[in-house]
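Student: Here the protein sequences line up with chains W and Z, keeping their order.
Under the numbering used here, the first residue of the first sequence is numbered 1, with each subsequent residue one higher.
Under the numbering used here, the first residue of the second sequence is numbered 101, with each subsequent residue one higher.
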Amino acid sequence: MPVVDLLALVLMLTGAAFFFAGTVGLLRFPDVYCRLHALTKVDNLGLGFVLAGLALRSGLLTVALKLLLIWLLVLLASTTACHLSARAARHLGVEPWRRA
Amino acid sequence: MTAILWAFDVVLAVTLVALAAGVLATASLFRSIVLFIVFGLTMSIAWARLDAVDLGLVEAAVGAGLTGALLLNTLGHMRSQAEFTPEPSHGPGGRLALALAAGTAGLAIGAAVWAWPDAFAGLGDRVDTHLAESGAQNPVTAVLLNFRAYDTLLEIGVLVVAVVAVWALSPMRGRVLDADPPGLVLAGFVHLLVPVVVLVAGYLLWMGTDAPGGAFQAGAVLAAAGVLLLITGRVAPPQLQAIVERGAVVLGLVAFLAVGVAVMAGGHAFLELPDAWATTLILLLESLLTISIAIVLVILFAGGRTDAAHPPEDAAP
């Protein structure tokens with residue numbers, strides 16, 4: 001396997017590991033605020049790794065730049081969605097979880 | 101590699117069926133809508149796997165995006181009405197009848213596909229043979245705007261009729277959209293995103309003649325920008341008073357009919373695009389269709405007329 005493909009594989013597997021961690025966090029964390037934390041931070045990082053791997057695999061600068069643009073758009077959208085969800089939860093009076 | 105792809109396809113198919121079952125079985129309407137959006141996104145991946153990228157784009161933009169927003173907005177409106185009770189209007193007997201009808205239709209379609217003769221390859225070869233004279237490099241655009249332009253004409257007709265029907269209903273009372281001010285983060289997000297969305301819509305429209313994309317994808321993406329502007333109060337819900345708004349709704353349909361009739365002057369049949377003009381006419385029609393599709397989808401999202409006596413609280417100042 002060429003070095004580039006190997007590097008791409010490592011990047012994508014790292015991304016998949018982050019997605020897995022984010023999903024575990026989404027399912028296991030105690031309240032909406034913690035879950036948002038897991039979902040947005042970890043998944044965005046995972047997506048960055050997967051897209052970096054795909055960009056390497058494509059070997060084309062135009063494709064790599066498009067993937068970068070997609071990542072930036074997802075960062076922007078998920079940050080905003082996270083903020084809106086947390087804001088709506090606070091409006092509804094959801095108390096942040098505290099260790100008992 | 102083939103084994104991995106095969107496994108991926110099986111996971112995709114099972115996920116789709118499970119999501120569809122979830123949409124129907126879940127008791128909470130909100131949860132049902134969220135599952136429906138996830139179903140649409142998964143479906144768009146399935147279309148991409150079937151090499152139907154055009155359909156994948158439409159499914160993601162309309163099936164998951166705009167329909168999801170439409171359903172969530174409707175649910176919010178229903179909840180704001182005191183008399184609303186989220187009970188299904190049909191009992192167990194009705195459900196059984198519906199399940200039987202849907203099951204029979206599904207089996208009939210399955211049997212029809214199964215009964216295809218092996219030699220029947222569809223119309224793909226004929227489209228490929230005549231692609232050069234269609235004026236478009238993308239076979240989907242060639243079919244939609246040239247070979248089967250009738251279908252597309254009727255589709256845009258259906259969209260216009262839908263707006264007329266929504267407008268004929270009684271006006272929306274009270275809260276149309278969220279009365280909360282949008283907040284700085286959302287306002288900033290919309291500020292950044294809308295120009296990008298317009299750019300993407302233009303790209304999809306321009307690429308549509310020789311790559312996946314076209315009027316429906318571009319219109320849906322443009323409508324998403326309109327929905328964002330609407331829910332953040334940047335623009336007021338459309339009132340369809342101005343001739344410009346009304347004109348935009350029928351623009352695509354009128355242009356389509358005009359082109360269809362105009363070519364008859366040159367001795368062609370209705371909607372038969374002359375080869376020399378085909379590319380120009382397709383691009384013109386797609387551009388005008390994009391505008392109409394976008395405004396129609398935004399109007400459908402807004403949900404109809406607003407009551408003059410009870411204006412929506414979030415109408416732009």
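Note that the Cβ used here is the ideal one computed from N, Cα and C, for glycine as well.
Which residue from Z:L166, Z:L353, Z:M364, Z:A160 puts its Cα closest to that of A324 of chain Z?
Tutor: Z:L166
Student: Secondary structure at T406 of chain Z, three-state DSSP: helix, strand or coil?
Tutor: DSSP, read as helix, strand or coil, puts T406 of chain Z in strand.
Student: Can you find a CB in chain W that lies within less than 8 angstroms of the CB of F401 of chain Z?
Tutor: no
Student: Taking 8 angstroms as the threshold (C-beta atoms), are A38 of chain W and G22 of chain W in contact?
Tutor: It is a contact, given that the beta carbons lie within the stated cut-off.
Student: Establish whether the CB of G140 of chain Z and some CB of chain W are separated by less than 8 angstroms.
Tutor: no
Student: Under a three-way DSSP split, which group does G156 of chain Z fall into?
Tutor: helix
Student: If the criterion is Cβ atoms closer than 8 angstroms, does the pair A160 of chain Z and L129 of chain Z meet it?
Tutor: no
Student: Mind listing the chain W neighbours of V285 of chain Z? Cutoff is C-beta to C-beta under 9 angstroms, in chain order.
Tutor: T79, T80, H83, L84, R87
Student: Residues in the segment 54-65 of chain W with C-beta within 9 angstroms of chain Z's C-beta atoms, listed in sequence order?
Tutor: none
Student: For G308 of chain Z, name the three-state secondary structure that DSSP assigns.
Tutor: coil
Student: Give a yes or no on whether 8 angstroms exceeds the smallest Cβ distance from L26 of chain W to chain Z.
Tutor: no
Student: At a Cβ threshold of 8 angstroms, is F220 of chain Z touching chain W?
Tutor: no
Student: Exposed or buried, S418 of chain Z, counting other C-beta atoms within 10 Å across all chains shown (16 or more means buried)?
Tutor: Because chain Z is modelled from 101 through 417, residue 418 of chain Z falls outside the range shown and cannot be assessed.
Student: Report, in whole angstroms, the separation of the C-beta atoms of L322 of chain Z and A301 of chain Z, which I expect to be a contact under 8 angstroms.
Tutor: 4 angstroms
Student: Check whether the Cβ atoms of I393 of chain Z and A315 of chain Z sit closer than 8 angstroms, and answer yes or no.
Tutor: yes
Student: Quick one: does L13 of chain W have its CB under 8 angstroms from some CB of chain Z?
Tutor: no
Student: Measuring straight from C-alpha to C-alpha, what distance separates A358 of chain Z and G347 of chain Z?
Tutor: When rounded, the distance between both Cα atoms is 14 angstroms.
Student: Do the CB positions of Y33 of chain W and A81 of chain W come within less than 8 angstroms of each other?
Tutor: Using a Cβ distance threshold of 8 angstroms, Y33 of chain W and A81 of chain W do not count as a contacting pair.
Student: Once the 5 residues before and after V42 of chain W are set aside, which same chain residues still bring their CB inside 8 angstroms of it?
Tutor: F18, F19, A21, G22, G25
Student: When you compare only the Cα positions, how much space is there between Q341 of chain Z and G404 of chain Z?
Tutor: 13 angstroms
Student: Please give the ranges of any alpha helix (DSSP H) in the segment 220-259 of chain Z, keeping only runs that are unbroken, at least 4 residues long and fully inside the region.
Tutor: Runs of the alpha helix (DSSP H) inside the segment 220-259 of chain Z: 224-230, 239-242.
Student: List, in order along the chain, the chain Z residues whose C-beta lies closer than 8 angstroms to that of L76 of chain W?
Tutor: F289, L292, L293
Student: Return yes when the Cβ of L253 of chain Z is within less than 8 angstroms of the Cβ of F356 of chain Z, no when it is not.
Tutor: yes
Student: Taking its Cβ as the centre, do 16 or more other Cβ atoms sit within 10 Å of F220 of chain Z, making it buried, or is it exposed?
Tutor: By the neighbour-count criterion, in which 16 or more other beta carbons inside 10 Å mark a residue as buried, F220 of chain Z falls on the exposed side.
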